[in-house]
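Working notes, structure below.
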């Protein structure tokens, strides 16, 4: 765990160590989250791939997750649910929100040097229409992500809020986001500073258009949507195959006034 200590040399009483190889307090992120009840816990994640879904409920405020190596490529939280994936209990499919690999409902969440990914592929189920596959859904206020990566295809980064009446402020600094359809979306008030957005080739389509980078759904009562500062957009696809943004007015909020400033 490097400079962040270890179970034998714990930096604070509210620091937990996660290692998929068994050298920490827990081998899965969700088990550490479950043990960290209340406010102000820090999870230090050792390098490795954590193949699981993770949910942080609203009561676990002020949490901090840190990738121990400092390189987000070393610590990957990934799963492969899509909106059309059937639930194990037979009650239907997951839907867009339920497809998220990581879901954060708590306020004051901070992540550093981590990768959040959803590796579901359309090519595996070409007959499915529910192809949204969220890497992370963030709903808390005062959320911050530094030097993180968000990997997916459709609906990679869901920057949202817990309720239409709540305005969730989120900050993304020096982050990398990739996808192909509406892959940064939702109703949060979000600032993306020094972030890199990468559009991918779509093997299921032969011609343009492929999709959009941003699809904000800013609530009508919210004066602020998305702000991109000193950002970069690059593409694997040919010129003209992607558009920068579109307004998303979901059926659950027909009064939305999507906003994006670049």
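Residue numbers (the numbering used here): -12 to 249. Each residue gets a CB set at the ideal place from its N, CA and C atoms; glycine is no exception.
Threshold first: 3 residues or longer. Then list the beta strand (DSSP E) segments lying entirely within the region 96 to 177, N to C. 97 to 99, 102 to 105, 123 to 125, 130 to 133, 136 to 138, 144 to 146, 156 to 160, 163 to 166 and 171 to 173
Going by Cα to Cα distance, which pick from 132, 202 and 48 is closest to residue 25? 48
Under three-state DSSP, which class holds residue 22? helix
Classify residue 2 as helix, strand or coil using the three-state DSSP reduction. strand
Looking at the strands, I want to know which residues DSSP matches up with residue 180. 160 and 216
Can you give me the start and stop residues for the alpha helix (DSSP H) that residue 238 sits inside? Looking at the DSSP string, residue 238 is not in any alpha helix (DSSP H), and its letter there is neither H nor E.
Can we say the region 79 to 86 touches the region 44 to 64, given the rule of at least three CB pairs closer than 8 Å? no
Just to confirm my understanding: we take residue 132, look at its own chain, exclude 5 residues before and 5 after, and list those with CB closer than 6 Å. What are they? 98, 159 and 162
At the level of alpha carbons, what is the spacing between residue -12 and residue 248? 39 Å
Out of 114, 120, 168 and 93, which one is the CA nearest neighbour of residue 126? 93
Kindly indicate which three-state DSSP category residue 60 falls into: helix, strand or coil? helix
So, under 8 Å CB-CB, residue 204 and residue 173 are touching, yes? Tell me the CB distance rounded to an integer number of Å. 6 Å
Residues bridged to residue 247 [DSSP beta-bridge criterion]: 213
DSSP-derived helix/strand/coil call for residue 252: Missing from the structure shown is residue 252; the chain here goes from -12 to 249 and no further.
Would a C-beta distance cut-off of 9 Å place residue 250 and residue 134 closer than the cut-off? With the chain represented from -12 up to 249, any question about residue 250 goes unanswered, as that position is not in the structure.
Distance, Cα to Cα, residue 19 vs residue -8? 16 Å
Which full runs of the beta strand (DSSP E) of 3+ residues lie inside the region 10 to 54, going along the chain? 29 to 32, 35 to 38, 41 to 43 and 51 to 54
Below 8 Å on the Cβ atoms is my guess for residue 186 versus residue 179; work out the distance and round it to an integer in Å. Contact doesn't hold; Cβ gap of about 15 Å is too wide.
Going by DSSP, name the residue or residues bridged to residue 188. For residue 188, which the question treats as bridged, DSSP gives no partner whatsoever.
For residue 199, which of 193, 189 and 21 has the nearest alpha-carbon? 189
Can you have a look at residue 8 and say buried or exposed, based on whether 16 or more other CB atoms are within 10 angstroms of its CB? exposed
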